[in-house]
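This report refers to the structure that appears directly beneath it.
Residue numbers (the working numbering): 2 to 554.
Next comes the structure, spelled out in structure tokens:
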């Protein structure tokens with residue numbers, strides 16, 4: 002029977018519940034237990050797809066096309082397990098489902114209330130994950146902080162859960178803050194005591210405490226927390242600040258997190274195999290050289306807006322034995338002061354995705370700088386579209402070349418909507434979302450990196466390369482190195498005469514893993530490292546004529 006772990010948070014938000022949940026998942030998988038991790042988010046949005054990155058960080062896209070919270074990215078990267086739309090639940094999606102049932106008459110005229118209708122829907126979503134993936138353990142993270150009014154239905158639902166499935170099949174894990182007060186010279190447990198008191202007031206007694214702190218938690222304080230919070234002292238776990246999130250599973254393993262969780266869930270204790278994870282940490286902290294990558298975006302003031310991109314760069318850097326330094330560059334600053342002012346001296350330039358026209362001219366200028374100065378370049382989604390616009394304007398010399406998204410009346414819309422998207426009005430969930438196949442062209446850098454003819458990558462976009470201009474791009478020196486299997490959609494472009502210049506319509510960052518860096522990021526980081534040391538690039542011999550599809554519909 003599937004076991005259930007519920008992870009709540011106290012005192013403050015952003016305390017690291019997602020990393021704790023992901024780390025527990027990693028530790029259980031290292032013991033050959035299967036896991037799935039579910040996020041319950043208390044906001045009323047149906048999903049984060051229409052939310053500004055400044056509000057909630059990046060939108061992580063699952064293989065089945067769900068727009069989800071960024072914590073699902075941590076879940077996938079730590080456990081190397083694919084999540085789906087079932088693993089992301091919001092207050093908005095819960096209420097939407099309940100209201101739809103009420104409109105259909107499913108409740109047979111009854112009064113629809115938070116209890117039992119909303120709480121039953123929440124519990125059903127948790128059971129659905131267990132039923133569809135049949136894992137040994139389902140770990141559920143409840144977003145927000147205990148005491149938040151919007152989290153109450155979720156907390157009530159998980160309170161009822163233990164009664165529904167049996168006491169020994171449920172574990173409540175509470176992540177809380179132990180602040181160090183410099184003036185007093187001591188760590189304070191009172192915030193944790195109050196947080197646990199709040200949790201107990203709604204009927205949940207935590208089985209384990211995970212204490213976030215900036216220094217070691219002394220045994221005496223563990224005993225104090227054990228006594229005041231009614232938690233066994235061996236279930237009081239220290240989660241000390243770490244230099245890297247990838248160090249957290251090893252730290253929690255030493256604290257006995259997984260051992261104690263298995264004990265409380267009455268599951269068999271197994272020896273963990275964390276050798277691969279240990280190797281990752283050793284490589285992370287023992288680099289042989291440095292590289293500096295400029296990340297040119299317009300959501301720079303919140304780094305979480307590009308979380309998966311940075312993690313994918315870090316995975317590749319770890320594999321290449323490099324210390325990664327990210328130079329954060331606001332594309333709007335490039336518009337004001339020029340590309341060279343911000344990009345001089347970098348070893349590689351990456352332009353990630355985004356929406357809207359703000360900062361686009363700065364991205365285009367950065368791509369031109371990378372192209373003209375032979376700096377390794379990787380463009381993702383909007384980064385590819387900007388690369389197409391840059392080439393059209395500065396090399397193909399197309400008058401008024403632009404994207405129909407930014408300039409609807411442009412004379413040469415080299416990026417345009419697909420015909421089936423022309424009449425779409427809603428923003429949420431109406432893009433090309435999720436996993437799609439891409440056929441790679443032989444003798445291209447992309448083919449050399451992937452070593453496969455057909456790949457599958459995740460998308461999140463509405464606009465596409467305009468096929469009316471494909472032959473012009475091929476004739477002027479661009480290479481189309483990846484298309485949809487029918488040849489209709491351009492998925493990847495590259496410049497054969499450049500040390501490394503690849504741009505993709507999809508988001509490869511979502512499928513990168515610490516133990517398996519994505520081929521494009523690994524190739525980009527390797528090229529950046531060679532550029533840093535003045536070495537010749539590794540690239541295949543390609544001519545654009547080899548890349549033209551036989552027929553474009």
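Beta carbons are placed, not taken as given, at the ideal position from N, Cα and C, and that holds for glycine.
Reducing DSSP to helix, strand and coil, say where residue i ends up.
{"i": "residue 403", "result": "strand"}
{"i": "residue 536", "result": "coil"}
{"i": "residue 61", "result": "strand"}
{"i": "residue 502", "result": "strand"}
{"i": "residue 245", "result": "coil"}
{"i": "residue 412", "result": "coil"}
{"i": "residue 282", "result": "helix"}
{"i": "residue 1", "result": "Residue 1 lies beyond the range of the chain shown here (2 to 554); nothing can be said about it."}
{"i": "residue 513", "result": "coil"}
{"i": "residue 13", "result": "coil"}
{"i": "residue 349", "result": "strand"}
{"i": "residue 479", "result": "coil"}
{"i": "residue 240", "result": "strand"}
{"i": "residue 272", "result": "coil"}
{"i": "residue 209", "result": "strand"}
{"i": "residue 467", "result": "coil"}
{"i": "residue 310", "result": "helix"}
{"i": "residue 389", "result": "helix"}
Considering just the uninterrupted stretch of the alpha helix (DSSP H) at residue i, what are its terminal residues?
{"i": "residue 159", "result": "153-166"}
{"i": "residue 449", "result": "446-451"}
{"i": "residue 343", "result": "340-344"}
{"i": "residue 126", "result": "120-134"}
{"i": "residue 462", "result": "Here residue 462 belongs to no alpha helix (DSSP H); instead the beta strand (DSSP E) covers 455-462."}
{"i": "residue 197", "result": "191-202"}
{"i": "residue 25", "result": "18-30"}
Near residue i, what residues of its chain come up, given a Cβ to Cβ distance below 8 Å and the 5 sequence neighbours on each side ignored?
{"i": "residue 326", "result": "291, 292, 293, 294"}
{"i": "residue 416", "result": "386, 389, 390, 403, 404, 405, 406, 464, 465, 466, 467"}
{"i": "residue 522", "result": "313, 314, 316, 317, 379, 509, 510, 513"}
{"i": "residue 279", "result": "251"}
Quick one: what's got a C-beta closer than 7 Å to residue i's C-beta in the same chain, skipping five residues either side?
{"i": "residue 432", "result": "461, 462, 463"}
{"i": "residue 394", "result": "402"}
{"i": "residue 54", "result": "300, 303, 306"}
Give the range of the beta strand (DSSP E) segment to which residue i is assigned.
{"i": "residue 174", "result": "171-178"}
{"i": "residue 141", "result": "138-143"}
{"i": "residue 438", "result": "433-441"}
{"i": "residue 42", "result": "36-42"}
{"i": "residue 298", "result": "290-298"}
{"i": "residue 91", "result": "89-91"}
{"i": "residue 227", "result": "Looking at the DSSP string, residue 227 is not in any beta strand (DSSP E); the run it does join, the alpha helix (DSSP H), is 220-230."}
{"i": "residue 373", "result": "Where residue 373 is concerned, there is no enclosing beta strand (DSSP E), although the alpha helix (DSSP H) it sits in stretches over 361-373."}
{"i": "residue 85", "result": "Here residue 85 belongs to no beta strand (DSSP E), and DSSP marks it neither H nor E."}
{"i": "residue 381", "result": "378-381"}
{"i": "residue 330", "result": "323-331"}
{"i": "residue 492", "result": "491-495"}
For residue i, count neighbouring C-beta atoms within 10 Å of its own C-beta (all shown protein chains included) and say buried if the count is 16 or more, exposed if not.
{"i": "residue 212", "result": "buried"}
{"i": "residue 1", "result": "Residue 1 falls outside the range modelled here, since the chain spans only 2 to 554, and no answer is possible."}
{"i": "residue 100", "result": "exposed"}
{"i": "residue 56", "result": "exposed"}
{"i": "residue 554", "result": "Per-residue confidence for residue 554 stands at a pLDDT of 27, beneath the threshold of 50, marking its modelled position as unreliable; the derived number appears in the next sentence. Result: exposed."}
{"i": "residue 426", "result": "The pLDDT assigned to residue 426 is 48, lower than 50, so where the model puts this residue is not dependable, and the model offers no usable value."}
{"i": "residue 13", "result": "exposed"}
{"i": "residue 182", "result": "exposed"}
{"i": "residue 287", "result": "exposed"}
{"i": "residue 216", "result": "exposed"}
{"i": "residue 2", "result": "exposed"}
{"i": "residue 358", "result": "exposed"}
Which same chain residues end up closer than 6 Å to residue i when comparing Cβ atoms and leaving out the 5 residues on each side of it in sequence?
{"i": "residue 378", "result": "350, 371, 502"}
{"i": "residue 399", "result": "393, 413"}
{"i": "residue 151", "result": "43"}
For the ligand COA, is there any heavy atom lying closer than 7 Å to the beta carbon of residue i?
{"i": "residue 473", "result": "This structure does not include the ligand COA; it has no bound ligands of any sort."}
Item to check | Stretch pair the stretch 365-372 + the stretch 343-357: three plus CB contacts closer than 8 Å | outcome: yes
Next on the checklist: Three Cβ pairs or more, each shorter than 8 Å: is that satisfied between the stretch 71-88 and the stretch 15-29?
Outcome noted: yes
Checklist entry - Any contact of the stretch 24-44 with the stretch 128-144, i.e. 3+ C-beta pairs under 8 Å? => result yes
Checklist entry - Does the stretch 45-64 come close enough to the stretch 104-113 that 3 or more CB-CB pairs lie under 8 Å? => result no
Checklist entry - On the three-pair Cβ rule with 8 Å, is the stretch 114-121 touching the stretch 74-91? => result no
Item to check | Inter-stretch contact (C-beta, 8 Å, three-pair minimum) for the stretch 511-526 and the stretch 311-326 | outcome: yes
Next on the checklist: Would you call the stretch 259-269 in contact with the stretch 166-177, where contact means no fewer than 3 C-beta pairs closer than 8 Å?
Outcome noted: yes
Checklist entry - Do the stretch 225-241 and the stretch 195-212 make contact, defined as three or more Cβ pairs closer than 8 Å? => result yes
Item to check | Meets three-Cβ-pair contact criterion under 8 Å: the stretch 325-343 and the stretch 527-536 | outcome: no
Next on the checklist: Count Cβ pairs between the stretch 186-195 and the stretch 234-242 that sit closer than 8 Å; are there 3 or more?
Outcome noted: no
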